[in-house]
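Yeah, the sequence shown ends on 245 if you go by our numbering, and it's all consecutive.
Note that beta-carbon positions come from the ideal geometry of N, C-alpha and C, so glycine has one too.
Keep in mind it's a predicted model, so treat the numbers as computed, not measured.
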Amino acid sequence: MYGKFAALYDELMADVDYKKWYMYIESIFDRFGKSPETVLEMACGTGNLSYYLAEAGYNLTCFDLSSEMLSIAYNKLNRFKNVNLLNQNMVDFKINKKFDSVISICDSINYILEDEDLLDTFRNVRNHLKDDGIFLFDINSYYKLKNVIGNNTFVEDRTSLFYVWQNYFDDEENIAKFYLTFFIEDGGGLYVRFDEEHIERAYHIDEIVKILKLASFKEIYYFDAFTFNEPNDYSERINFVAML
Ligand SMILES: C[S@@+](CC[C@H](N)C(=O)[O-])C[C@H]1O[C@@H](n2cnc3c(N)ncnc32)[C@H](O)[C@@H]1O
């Protein structure tokens with residue numbers, strides 16, 4: 002889970018264009034004729050998308066499981082009066098409110114490893130979504146987790162940070178395990194090491210659709226992320242849109 006890595010998350014995600022991600026979400030709202038006022042962002046992490054949603058004036062509630070990620074999100078978001086930040090789990094969150102839209106980006110859904118937990122998550126979303134609401138989320142595709150990330154090692158050498166990312170894909174469990182080892186310069190020329198293990202489940206599109214249907218979502222669409230094109234065999238991120 003996200004522990005000490007949280008402090009480095011934004012540095013390592015510096016090449017991710019969250020403004021573009023936010024614009025894509027706006028384009029999905031437009032395409033489906035939605036003008037939400039209340040938005041729930043699940044697994045908001047360090048609040049990079051939340052920042053743009055807050056700035057756009059949405060009445061925003063966001064939550065994450067990791068208190069380390071949330072404390073960084075808090076520093077970004079505490080100046081906004083329209084944001085409520087919570088420490089909850091997607092699988093069993095409880096907020097006494099229904100939202101116009103529920104969102105989760107950047108493969109947070111892949112962190113849910115079991116079908117039953119994914120069903121509980123989607124049921125929970127349904128219970129927090131207004132009848133005419135819209136649920137948006139993306140996943141790392143099966144192809145990406147198995148063929149692009151899985152069984153590969155990545156090394157990054159930056160001035161004050163060196164890290165190794167060793168990955169293993171388990172074909173039987175459809176699980177990608179990431180072993181992250183960081184060495185951070187302590188300011189005096191010494192490097193401090195810490196390790197984290199992350200696990201993502203590789204889902205096929207039809208598995209997600211089946212579980213969304215079990216959770217009573219009736220209208221389900223999916224796209225090659227950041228477009229409105231059908232996913233292809235090499236799509237690395239799939240964006241889902243589901244409505245009741
Ligand atoms: C890859 S990060 C994405 C964070 C953020 N959405 C972004 O776009 O940068 C995945 C996030 O999912 C969170 N997460 C994983 N499992 C969760 C769960 N069951 N409930 C809530 N958050 C969870 C992690 O703590 C982490 O912040």
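- Tyrosine 223 has its alpha-carbon roughly 17 Å from the corresponding atom of tyrosine 23.
- The three-state reading of DSSP puts tyrosine 52 in helix, counting H, G and I together.
- If you compare the alpha carbons of Ile200, Ser105, Thr154, Glu157 with that of aspartate 171, the shortest gap goes to Ile200.
- Nearest Cα to arginine 80 within the set Lys214, Lys21, Gly58: Gly58.
- DSSP places isoleucine 104 inside the beta strand (DSSP E), whose first and last residues are 100-105.
- Contact check for leucine 78 against alanine 55 passes: the beta carbons are separated by less than 7 Å.
- Judged by DSSP secondary structure, valine 126 falls outside any beta strand (DSSP E) and instead within the alpha helix (DSSP H) spanning 116-128.
- Around the Cβ of tyrosine 192, a 10 Å sphere holds fewer than 16 other Cβ atoms; the residue is exposed.
- Per DSSP, reduced to three states, the secondary structure at phenylalanine 81 is coil, with no helix or strand assignment.
- Excluding five sequence positions before and after valine 149, the CB atoms of its chain that fall closer than 8 Å to its own CB belong to Glu237, given in chain order.
- Looking from the CA of alanine 7, the closest CA among Arg202, Lys20, Gly48 belongs to Gly48.
- For arginine 194, no alpha helix (DSSP H) segment is defined; the enclosing uninterrupted segment is the beta strand (DSSP E) at 192-202.
- Comparing C-alpha distances from tyrosine 143 to each of Met14, Glu42, His205, Val210 shows the shortest one belongs to His205.
- Fewer than three beta-carbon pairs drawn from the stretch 112-121 and the stretch 228-235 are found closer than 8 Å, and the two stretches are therefore not classed as touching.
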